[in-house]
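Residues 8 to 147 (this note's numbering) make up the first sequence, in order.
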Amino acid sequence: MNYWLVKSEPETYGWHHFIEQGRATWDGVRNYQARNNLQAMRQGDQVLFYHSVNNPQVVGLASVVCESYPDPTAQPDPTGKPTPWCVVELEPAMAFEKPVTLAQIKAEPMLANVALIKQSRLSVMPIKPDEFDLIVKMGN
DNA sequence: GCCAACGTTGGC
DNA sequence: GCCAACGTTGGC
Numbered sequence: 008m009n010y011w012l013v014k015s016e017p018e019t020y021g022w023h024h025f026i027e028q029g030r031a032t033w034d035g036v037r038n039y040q041a042r043n044n045l046q047a048m049r050q051g052d053q054v055l056f057y058h059s060v061n062n063p064q065v066v067g068l069a070s071v072v073c074e075s076y077p078d079p080t081a082q083p084d085p086t087g088k089p090t091p092w093c094v095v096e097l098e099p100a101m102a103f104e105k106p107v108t109l110a111q112i113k114a115e116p117m118l119a120n121v122a123l124i125k126q127s128r129l130s131v132m133p134i135k136p137d138e139f140d141l142i143v144k145m146g147n
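This is the structure we're talking about:
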C-alpha cells in the first residue's frame, strides 16, 4: 500500500464537494511529476486530501478506487498522439476531526522532509508511511 | 494583494 | 542548448 497527498483549492473543489459527489475523477493535472505520481497510484492506496491557498490544511482521507486512465478533459493532440495526461478516481474515506494545518506540519520535525514543504507547487505527491501515520494521528 | 518558486515557451 | 520572458501556483 502506498500513501499520497493531493491538493485542491477549496473554492474550486473542496472536501464538501467531494463528500456530496461521493466520488471524484481527479482530472486537470498538467504537470509531469504530478502525472507520474497519479500513474503510480494503485487501487486501495490512501490519499490525504489537502486544501491549498485558503487555510492550507489536510482535511481528510480518500482512497484510490480506480487506477489511471487518459484524462478526458485533456485537449486532443492534433497529430493524433494519445494524451500524456491521466486521471484517477478517488472516494472519501474519513474526514479529519481536526484538520492538520500547514503550520502544524511545518512545526513538526518528523515532517520536515515532506514534499508539501520542499516542493510547495507540486499538486500530487507521495507520502512516506510514517509521515502518513503521524498526519492521520494529528488529525484525529 | 504581493511575491517567491518554478515550469514552460520561444528567440537566438 | 541557453536563457530571458512570462504564466501559474500557493503561502503569507
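Glycine included, each C-beta is placed from N, C-alpha and C at the ideal position. Keep in mind that this is a model prediction, so the values were computed, not measured.
- Judged by beta-carbon spacing, residue 74 lies beyond the 8 Å limit of residue 42, meaning their Cβ atoms are not closer than that value.
- Where residue 107 is concerned, the enclosing beta strand (DSSP E) starts and stops at 93-108.
- The criterion of a C-beta distance shorter than 8 Å is satisfied by residue 11 and residue 132.
- Nearest to residue 103 by alpha-carbon distance, out of 26, 124, 68, is 68.
- Scanning its chain for C-beta atoms nearer than 8 Å, with the 5 sequence neighbours on each side dropped, one finds around residue 141 the residues 115, 117, 118, in chain order.
- Scanning its chain for C-beta atoms nearer than 8 Å, with the 5 sequence neighbours on each side dropped, one finds around residue 93 the residues 36, 42, 45, 46, 75, 76, 77, 78, in chain order.
- Every alpha helix (DSSP H) stretch that sits fully inside the segment 22-73 and reaches 4 residues is listed by chain position as 22-28, 39-47.
- For residue 121, there is no enclosing beta strand (DSSP E), as DSSP marks it with neither H nor E.
- Residue 143 and residue 17 have their C-alpha atoms roughly 20 Å apart.
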